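Enquirer: First, the structure itself, so that you have it in front of you.
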Amino acid sequence: MLSKRVIPCLDVEHGRVVKGTRFVDLRDAGDPVALASRYDREGADELVFLDIAASVKRRRTVVDLARRVAESLSIPFCVGGGIGSVDLAAAILRAGADKIAINTAAVRRPALIGEIAGRAGSQAAVLAIDAKKRSDGGYEVVVEGGRTSTGLDAIEWARRGVAAGAGEILLTSIDRDGTRDGFDLELTARVADAVRVPVIASGGAGSASDFVELFTTTGSDAGLAASIFHSGEVVVSDLKRALAGRGVRVRPSAEAA
Amino acid sequence: MIAMVDYGVGNLASLYAALRRAGAEDVRITRSHVDILAANAVVLPGVGRFGHCASELRRLGLDVMLRAAHDRGIPLLGLCVGMQLFFDDSEEDPGTPGLGLCRGRVRRLSGDVRVPHTGWNQVRIVRPHPWLAGVRDEAYFYFVHSYSVDPIDERAIVATVEHGGAVTAAVGSPGTLGLQFHPEKSGAMGISVLRSFVRATAG
């Protein structure tokens, strides 16, 4: 049976990891390649790199990042952040990335999803959705880090994205992001029930038990987190053991070493 | 020399790095007919749509070369859609034939499961193959696909994986192996498969 995935997320800017990490033994904790290899050894199932810089040099640095990561990593990785053209997506994939996450650009121009899927396959087209709870209980799609509302219903947008060719949904609860209050289970369950492609839940992970809850109560396939892994509060290998102990099927970290 | 077939499809950078990590000293990313027939072994990657992959191979004349290499007994490793291309055709693009090296069809995954089948799943070895000798039964490998192969001759199936029923994870015969999963993305387990392949086909 398919296992549930644990996915550390690395924010990068100009080719460097932005948030500090616990790995004092890494000579260069800001080096995305060193950090990625570390998570690989700990049993991470996949990695996501989010380029948070809005730079004219972005194109070169993000392609270069993908190339350097692919040279040393032997697990899949996804690159996202400001990718607005199929040509840039294709260049990043050619450099060795497996998937491209698109967010704001897909809201502005939904055809981009199909263009990437058409060029590289839908498995490479990940629709990243940032969702915020509405006062009526529904969820709205927001962009630009949650600052801008779109009027789109998150569940409906997920359905449309899949119909347009997205092979996976990366779903972030903007309300939970950074709170460590746990994943938004209701949002995740609604989206996971609405589409047949895999759903990666993101935003709010604070402990191993949040991942246990995510996987035992929703249909999501993967949980993504950043700061709890970087700070060392949660170690991927410990998390995998905790999940296995609660009956969640995971790839044992021992197989990664 | 290991020839990695470059027909504009697949994650060539990752595959190249993984083959090097697995001990291959001379890997050539190539679409040269001469290279393919001179190689100790050929790797056929593939990702995306079956029809696009098959027609690109044909456009570059590589379908003929791959069949010739196969006829000459040059070891051949097909990965993901590269493996699906061994077969006659696919439900994904019925009008575009594959290489016809193996008899059978490629079918869409069915059952009450998520498609694409994305992530790490346990592979059950059902028949020994020398390039999978180092793989213990039920080891995890990384999959990402919406279609799977259905060989007419069941004895071609080397390994299966459970996703809405038993799905073919590997097909093979002596000197040929097709893997539905991505060894280049399957961590240490994947590298060990590539290492067996590299050793078995070294010069």
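Those protein sequences? They're chains H and Z, same order as listed.
Position in the first sequence (first residue = 1) + 28 = our numbering.
Position in the second sequence (first residue = 1) + 4 = our numbering.
Heads up, the beta-carbon is just placed ideally off N, CA and C, and yes, glycines get one too.
Everything numeric in this text was worked out from a predicted model, so none of it was measured.
Going along chain Z in order, which residues have a C-beta closer than 7 Å to the C-beta of residue 104 of chain H?
Expert: Those within 7 Å of residue 104 of chain H in chain Z are 146 and 189.
Enquirer: So, residue 213 of chain H versus residue 242 of chain H, is the Cβ gap smaller than 8 Å?
Expert: Contact flag set, yes.
Enquirer: Once the 5 residues before and after residue 222 of chain H are set aside, which same chain residues still bring their CB inside 7 Å of it?
Expert: Same-chain partners within the cutoff: 183, 186 and 187.
Enquirer: Apart from the five residues just before and just after residue 204 of chain H, which ones in its own chain have a Cβ nearer than 8 Å to its Cβ?
Expert: Here the set comprises 210, 211, 212, 231 and 232.
Enquirer: Tell me, please, which residues DSSP counts as bridged to residue 230 of chain H.
Expert: Paired residues: H:200 and H:252.
Enquirer: When you compare the CB of residue 226 of chain H with every CB in chain Z, is at least one pair closer than 8 Å?
Expert: Yes, residue 226 of chain H counts as interfacial toward chain Z.
Enquirer: Does any C-beta atom of chain H lie closer than 8 Å to the C-beta of residue 195 of chain Z?
Expert: At least one chain H Cβ lies under 8 Å of residue 195 of chain Z.
Enquirer: Report the neighbours of residue 92 of chain H on chain Z: residues whose CB is nearer than 9 Å to its CB, in chain order.
Expert: Going along chain Z, no residue has its Cβ under 9 Å from residue 92 of chain H, so there is no contact; the nearest lies around 12 Å.
Enquirer: Run through chain H and tell me which residues come within less than 8 Å of residue 121 of chain Z, C-beta to C-beta.
Expert: Within 8 Å Cβ-Cβ: 30.
Enquirer: In angstroms with no decimal places, state the Cα-to-Cα distance between residue 236 of chain H and residue 60 of chain Z.
Expert: Approximately 46 Å, taken between the alpha carbons.
Enquirer: I think residue 131 of chain H touches residue 90 of chain H, with their Cβ atoms under 8 Å apart; what is that distance to the nearest whole Å?
Expert: The pair is not a contact, with the Cβ atoms about 14 Å apart (cut-off 8 Å).
Enquirer: Looking at the secondary structure, which residues open and close the beta strand (DSSP E) in which residue 103 of chain Z lies?
Expert: It is not in any beta strand (DSSP E) - residue 103 of chain Z carries neither H nor E in the DSSP assignment.
Enquirer: Please check if any C-beta of chain H sits within less than 8 Å of the C-beta of residue 112 of chain Z.
Expert: No - not a single Cβ of chain H is within 8 Å of the one on residue 112 of chain Z.
Enquirer: What do you reckon, are the CB atoms on residue 284 of chain H and residue 248 of chain H nearer than 8 Å?
Expert: Taking 8 Å as the Cβ cut-off, residue 284 of chain H and residue 248 of chain H do not qualify as a contacting pair.
Enquirer: Please confirm whether residue 148 of chain H has its beta-carbon closer than 8 Å to some beta-carbon of chain Z.
Expert: Answer yes: the Cβ-Cβ gap between residue 148 of chain H and chain Z drops below 8 Å somewhere.
Enquirer: For residue 8 of chain Z, list the residues DSSP reports as bridge partners.
Expert: Bridge partners of residue 8 of chain Z: Z:33 and Z:47.
Enquirer: Of the residues Z:115, Z:53 and Z:113, which one's Cα is nearest the Cα of residue 101 of chain Z?
Expert: Checking every option, the nearest Cα to that of residue 101 of chain Z belongs to Z:53.
Enquirer: For the 8 Å Cβ check, are there 3 or more pairs between the stretch 139-154 of chain H and the stretch 121-128 of chain H?
Expert: Yes: at least three Cβ pairs fall under 8 Å.
Enquirer: Determine the direct distance from the alpha carbon of residue 32 of chain H to that of residue 144 of chain Z, and round the result to whole angstroms.
Expert: Whole-angstrom Cα-Cα distance: 12 Å.
Enquirer: Less than 8 Å between CB atoms is the rule here; does residue 18 of chain Z satisfy it with respect to chain H?
Expert: Yes, residue 18 of chain Z lies at the interface with chain H (some Cβ there is under 8 Å from its Cβ).
Enquirer: Check this for me: beta carbons of residue 264 of chain H and residue 70 of chain H, under 8 Å apart or not?
Expert: A contact, by the Cβ cut-off of 8 Å.
Enquirer: Return helix, strand or coil for residue 168 of chain H, following the three-state DSSP convention.
Expert: Three-state result, residue 168 of chain H: strand.
Enquirer: Anything in chain Z within Cβ reach of residue 206 of chain H, meaning under 9 Å, just list it in chain order.
Expert: Per Cβ cutoff of 9 Å: no residues; residue 206 of chain H is ~26 Å from chain Z at best.
Enquirer: Please state if the CB of residue 163 of chain Z and the CB of residue 129 of chain Z are separated by a distance shorter than 8 Å.
Expert: Going by C-beta atoms, residue 129 of chain Z is nearer than 8 Å to residue 163 of chain Z.
Enquirer: Counting along the chain, where does the alpha helix (DSSP H) carrying residue 32 of chain H start and finish?
Expert: Per DSSP, residue 32 of chain H belongs to no alpha helix (DSSP H) and is neither H nor E.
Enquirer: Confirm, please, whether the CB-CB distance from residue 28 of chain Z to residue 202 of chain Z is below 8 Å.
Expert: Against a cut-off of 8 Å, the Cβ pair of residue 28 of chain Z and residue 202 of chain Z comes out as a contact.
Enquirer: Name the chain H residues that come within less than 9 Å of residue 52 of chain Z, Cβ to Cβ?
Expert: Result: 145, 146, 147, 148, 149, 150, 151 and 152.
Enquirer: Just the Cα atoms here: how many angstroms apart are residue 38 of chain H and residue 156 of chain H?
Expert: Answer to the nearest angstrom: the Cα atoms are 15 Å apart.
Enquirer: Report all residues from its chain with a CB closer than 8 Å to the CB of residue 11 of chain H; omit the five preceding and five following residues, and keep chain order.
Expert: Because chain H in this structure spans residues 29 to 285, residue 11 of chain H falls outside the shown range and cannot be described.
Enquirer: With a threshold of 8 Å between beta-carbons, can residue 70 of chain H be considered close to chain Z, or not?
Expert: Closer than 8 Å: no.
Enquirer: Would you kindly work out how many angstroms separate the C-alpha atoms of residue 153 of chain Z and residue 246 of chain H, rounded to a whole number?
Expert: Computed Cα separation, rounded: 30 Å.
Enquirer: In chain order, what residues of the stretch 124-136 of chain H put their CB closer than 9 Å to some CB of chain Z?
Expert: Going along the stretch 124-136 of chain H in chain order, one finds 124, 125, 126 and 127 with a Cβ nearer than 9 Å to chain Z.
Enquirer: When you compare the CB of residue 261 of chain H with every CB in chain Z, is at least one pair closer than 8 Å?
Expert: It does not: the Cβ of residue 261 of chain H has no partner Cβ on chain Z nearer than 8 Å.
Enquirer: Going by DSSP, what residues sit across from residue 39 of chain H in a beta bridge?
Expert: BP columns for residue 39 of chain H point to H:78.
Enquirer: Closest by CA to residue 189 of chain H, which one among H:135, H:282, H:96 and H:68?
Expert: Closest option to residue 189 of chain H, Cα to Cα, is H:135.
Enquirer: To the nearest angstrom, how far is the alpha carbon of residue 227 of chain H from that of residue 197 of chain H?
Expert: Cα to Cα, residue 227 of chain H sits roughly 5 Å from residue 197 of chain H.
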